[in-house]
Structures are given as structure tokens and as C-alpha cells.
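Asker: For the sequence shown, UniProt numbering begins at 1 and goes up steadily by one. Backbone N, C-alpha and C define an ideal beta-carbon position, used for all residues, glycine too. The following block contains the structure, expressed as C-alpha cells.
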Amino acid sequence: MSYRKSFYVPEGLYFLNHSVGAKTKASDLAEHEFSQQWRDLGNGAWDSWLTSLQGFCKAVADLFNCEPHEVCPQPNVSAGLSKLIGALPQRAGRNILLLSELDFPSMGFVAKQAAALGYAVQLVPAKEGVVSLEDWQQYMNEHVQLALFTHVFYGNSYQQPIAQLTKLAQERDIWSVVDVAQSAGVVPIDFKQWQSDAVIGSCVKWLCGGPGCGYLIIKGDRLPLLEPTDVGWFSHQDPFEFDITHFAYANDALRFMGGTPSIQSFAVAASAIRQLTSIGLLNIRAHNLHLGDVLMKAMQANSFKVITPKPKEQRGGTICIAMAQPDVAIACLKQKNIAVDYRPRFGVRASPHIYNTDEELGQLITAILQLDPAVTGR
Numbered sequence: 001m002s003y004r005k006s007f008y009v010p011e012g013l014y015f016l017n018h019s020v021g022a023k024t025k026a027s028d029l030a031e032h033e034f035s036q037q038w039r040d041l042g043n044g045a046w047d048s049w050l051t052s053l054q055g056f057c058k059a060v061a062d063l064f065n066c067e068p069h070e071v072c073p074q075p076n077v078s079a080g081l082s083k084l085i086g087a088l089p090q091r092a093g094r095n096i097l098l099l100s101e102l103d104f105p106s107m108g109f110v111a112k113q114a115a116a117l118g119y120a121v122q123l124v125p126a127k128e129g130v131v132s133l134e135d136w137q138q139y140m141n142e143h144v145q146l147a148l149f150t151h152v153f154y155g156n157s158y159q160q161p162i163a164q165l166t167k168l169a170q171e172r173d174i175w176s177v178v179d180v181a182q183s184a185g186v187v188p189i190d191f192k193q194w195q196s197d198a199v200i201g202s203c204v205k206w207l208c209g210g211p212g213c214g215y216l217i218i219k220g221d222r223l224p225l226l227e228p229t230d231v232g233w234f235s236h237q238d239p240f241e242f243d244i245t246h247f248a249y250a251n252d253a254l255r256f257m258g259g260t261p262s263i264q265s266f267a268v269a270a271s272a273i274r275q276l277t278s279i280g281l282l283n284i285r286a287h288n289l290h291l292g293d294v295l296m297k298a299m300q301a302n303s304f305k306v307i308t309p310k311p312k313e314q315r316g317g318t319i320c321i322a323m324a325q326p327d328v329a330i331a332c333l334k335q336k337n338i339a340v341d342y343r344p345r346f347g348v349r350a351s352p353h354i355y356n357t358d359e360e361l362g363q364l365i366t367a368i369l370q371l372d373p374a375v376t377g378r
């Protein structure tokens, strides 16, 4: 079954789904309804807008197998991590925030600013693009307050064994948070099976939900222990109490909400998430793995080095190909209206989604093979 008709896929060969997913046609209705409510009702639109916000939390919960009350909308991943760190209960001797050197840089920037709260950042080193369980275990000691685990690394698309990592954290009484920005929408995720304390992610990539829309998921039994300092009237147990002298945290994850949210962003994202859920994450994953296998085999058969791990349980949705001059390769492919990109150290990145076809992938392979050997390095 072809799902392409449900998306606005950019012209040419579009394989930048790890960066910005194609807009869903279902989101047109969500945008129209928001604008119409604003136009016709003004302040009276709030009832519908709050329903849209609840719809977003429900869509995220359905996607990740968690409860709607465990979901809090966020503007982006960085905001979610910052709020979580600031809400952690202080524990004597636990002042380390543990990350890996392969995490997205923004996570490191956020963690470093927590020095004002008395925290220090420690990075677990990678070996050949992998942070092993043994390396994680070596650094997870009695001084670690929180460990950030990236589900799929942005650079090489290596997928970490999250359930095993969160188990290690639990055994050591370490808070765990999982960054799913590069996996949500292409790799099935089960929050209850993971047993992590929290999850942070965005909607702009594989979820095809557009920018300005993220989420923070907090395990229900951990919520009472967390008291965020970055709050607003939407963080209040009763937002309409309007008593400046009294604040009580919301009983659910909305305690992390803050001030007035961007309703339109979440309405659009919710429609996209529902679209992907209706297609089925298992279907999306199977299609992605099929196209990824074809690309990997073609590259390896022609003496290219593929940086992404071959085992399916160890890779995300992106295939990363080493190039001698990746910037030149990208420029050459762009001239042929082929959308891929590269990151230093990790090579050219191509990410097939449910709406990409075998024919398109064949055209991408042909274009790569036509690149000058001096550019590819093969």
C-alpha cells in the first residue's frame, strides 16, 4: 500500500527525514480549524484550543505506550531537558550529569548550564562510534544524579539498548532520561517496557509534525518527586485560580508546562502523530529497514564504507556513508535535486521514510555511484 499520497513530499529525491519530515496532508485541517476558531471565536476559542492540547498528549501517549497524564508538551528537546534537570530533588553527593560524547550538542549545552545548580557534566567516551554497556556501567557510580541516554545517535544512527541502560540506572538509583528525537516515528518505542524515568523528544523529524513542538514524558510514580522551577500558570493545579500568592503544582506532567503554549504547533503535530500511528510504526519500521538494507548493500558492494551498524536492532532510520569530501558530495547531489546532508566525522546521511520508494532509492544509489572517486574516497 502506498502512503505517499498522505504527505506533501518535497520535489526531487527527499531523504532528509532525520532533519525535517514531510508535512502530512491531515495537518491542513488542523491548521484550518485553529485559524477558524481564532477568527470566529477570539477568546472563546480557548475551550477548543485546550482540547487540542489534550489531544496532543493523547496522541503522544498512544504512540509511546504511556499515559496522557505523563505527557507534557514542550517547545523543543532542550527545553524539556532543562526543566527536568532543574526539577530533580537534591541528593547529597550526587552532582554528576552523565551524557555520552555522541549525544546531540544541544544536550551538552543544557547540561553544562546546570553548573549554576551545582552539577558537573561527565561524558562517556565512544569507541568506533559506539558507547558500550560496559563503558556506561563504568561511569554510573554513586555520584551520578541523572544519566541521559540517546536512543539513536544523530551522527551515525547507532541505536542504543535502552531497556538495558535504564535497568543499570535503576540498580544504581540514578535518574534516567531518554532522548528519542532521532527515533520517534521510525523505531517503535514502548515507554512502559523501557521503565525510564523520563523521555524527551521533538516532532519535526520522523514524526512529520513540524517545528516548535516537543514533549517531556515523566513516569507517573516519579512525578511527585519533581518540582520544576521554570513554571507558569499552566503549571498550576488550578490555572484559573488567579491568586498570585498561591501556587500548587499540577498533579500530572503539566507541572512542567510553564506559560501559555503555542496551540497551533501542537494541533498540527497531533494530527501528524495520529497519521503515523494509523499507518503503524511496525509498517514504517519495516519499510525503512528494507530501503536501508538496499542502500547499505549497494554501497558496500561498491567499496563504500557504511558507518551505520548493519544489525537492525543496532541502527536507527538513517544510513551514514563515509566520504572523502562529504561537503562536495552534498553539493553535487544537490545539483541533481537530491536532498541528503552530512555531519563531520560521520559522513553523508540519507533517511528513507514510509513515503520514499524503491525507485527513488535506486536513483539515489545511481547518483552516489556517479560521484567522482576523489570525492567519495573509494
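V204 to G212, Cα distance in whole Å?
Answerer: 8 Å
Asker: Quick one: what does DSSP say A267 is sitting in, helix, strand or coil?
Answerer: helix
Asker: Which runs of the alpha helix (DSSP H) fall wholly inside the region 88 to 132 and span at least 4 residues, in chain order?
Answerer: If we require 4 residues or more, the alpha helix (DSSP H) runs fully inside the region 88 to 132 come out as 105 to 113.
Asker: Taking W175 as part of the beta strand (DSSP E), name the residues at either end of that continuous run.
Answerer: Where W175 is concerned, the enclosing beta strand (DSSP E) starts and stops at 175 to 179.
Asker: Please name the residue, chosen from K127, A339, C66, that lies closest to W194 on a Cα-to-Cα basis.
Answerer: C66
Asker: Kindly indicate which three-state DSSP category K167 falls into: helix, strand or coil?
Answerer: helix
Asker: Using 10 angstroms around the beta-carbon of residue 393, count the other beta-carbons present and answer buried if the total reaches 16, otherwise exposed.
Answerer: The shown model of the chain, from 1 to 378, leaves out residue 393, and the question about it has no answer.
Asker: Is the separation between the beta-carbon of V71 and that of A61 shorter than 8 Å?
Answerer: yes
Asker: What residue range is occupied by the uninterrupted alpha helix (DSSP H) comprising D358?
Answerer: 358 to 369
Asker: Suppose the cutoff is 6 Å on Cβ atoms and the five residues either side in sequence are ignored; what does the same chain contact list for A253 look like?
Answerer: Counting only residues of its own chain and dropping the five nearest sequence neighbours on each side, A253 has a CB closer than 6 Å to the CB of E70, V71, C72, I218.
Asker: What is the DSSP secondary structure of D62, counted as helix, strand or coil?
Answerer: helix
Asker: With distances taken from CA atoms, which of F153, Q137, S19 is nearest L165?
Answerer: Q137
Asker: Note down, one range per segment and in chain order, each alpha helix (DSSP H) of at least 4 residues found wholly within the region 246 to 300.
Answerer: 263 to 279
Asker: Three or more beta-carbon pairs under 8 Å between the region 37 to 48 and the region 169 to 184, yes or no?
Answerer: no
Asker: Whose C-beta lies closer than 7 Å to the C-beta of A114 among residues of the same chain, with five residues either side of it excluded?
Answerer: I85, L97
Asker: Look up H151 in the DSSP assignment and say whether it is helix, strand or coil.
Answerer: coil
Asker: Mark Q300 as exposed unless 16 or more other C-beta atoms lie within 10 angstroms of its C-beta, in which case mark it buried.
Answerer: exposed
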